[in-house]
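Residue numbering for the sequence shown follows my numbering, beginning at 103 and increasing consecutively.
Note that CB positions come from ideal geometry on N, CA and C, so glycine has one too.
Here is the structure we will look at, set down as structure tokens.
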Amino acid sequence: MFPQDRSQLRQMFFDAWQKHTSKLPMEPLEQLIAAIAEQHPEYHEVLNKQDAHLDKDYTPDMGQTNPFLHMAMHISIQEQLGTQRPEGIIALYKSLLMQFGDPHAVEHHMMECLGQMIWQAQRNNTVPSDETYLDCLRKLLSSK
Numbered sequence: 103m104f105p106q107d108r109s110q111l112r113q114m115f116f117d118a119w120q121k122h123t124s125k126l127p128m129e130p131l132e133q134l135i136a137a138i139a140e141q142h143p144e145y146h147e148v149l150n151k152q153d154a155h156l157d158k159d160y161t162p163d164m165g166q167t168n169p170f171l172h173m174a175m176h177i178s179i180q181e182q183l184g185t186q187r188p189e190g191i192i193a194l195y196k197s198l199l200m201q202f203g204d205p206h207a208v209e210h211h212m213m214e215c216l217g218q219m220i221w222q223a224q225r226n227n228t229v230p231s232d233e234t235y236l237d238c239l240r241k242l243l244s245s246k
């Protein structure tokens with residue numbers, strides 16, 4: 103679905119945003135990217151300045167969130183919900199939605215768990231664990 107090259111991935115975001123703001127026809131993935139970008143007005147300036155942001159590094163020590171990673175995680179979560187994978191994700195999402203009330207806020211909470219799962223897999227040099235991810239989501243339900 104996504105290219106492996108960082109610049110190519112980012113180019114997809116820039117192209118989708120440009121088509122959206124120019125009201126040009128878009129492919130379904132471009133529509134999804136544009137919809138997610140619309141929910142993040144703090145990233146509009148980035149998307150409007152491709153030359154300044156295509157190759158920019160975003161590291162934790164810079165104190166900035168990587169807008170492309172953030173939007174890609176939204177896409178990943180929506181893909182999980184659309185494919186109902188991992189098993190049980192829909193029920194957990196619905197429960198989180200009842201708890202937090204806002205779909206966008208729920209996705210942000212889910213991102214924390216998704217990020218933790220990916221970080222653990224990279225740290226341990228293992229395959230990402232669906233169970234680790236789902237356990238983290240379950241803990242969100244019991245934390246409020």
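Here DSSP, grouped into helix, strand and coil, assigns G217 to helix. The residues V148, in chain order, have a CB closer than 7 Å to that of H155 in the same chain once the five nearest residues on each side in sequence are set aside. When C-alpha distances from P143 are compared across M212, M173, Q133 and D157, the shortest belongs to M173. The region 220-237 makes contact with the region 177-192, as at least three CB pairs between them are under 8 Å.
Taking all protein chains in view, the Cβ of M164 is surrounded by fewer than 16 other Cβ atoms within 10 Å, so the residue is classified as exposed. Between L216 and M175 a beta carbon distance of about 6 Å is seen, short of the 8 Å cut, so the two are scored as contacting. Here the C-alpha atom of F202 lies approximately 37 Å from the C-alpha atom of D153.
If you look at D107, you'll find it isn't in any alpha helix (DSSP H); DSSP assigns it neither H nor E. Between D157 and S197, the CB-CB gap reaches or exceeds 8 Å. If you look at Q180, you'll find it in the alpha helix (DSSP H) that goes P169 to T185. Each residue's CA atom was taken as its position, placing D107 and Y195 some 31 Å apart.
Secondary structure of D157 (DSSP, three-state): coil. Annotated three-state conformation of N227 is coil, per DSSP.
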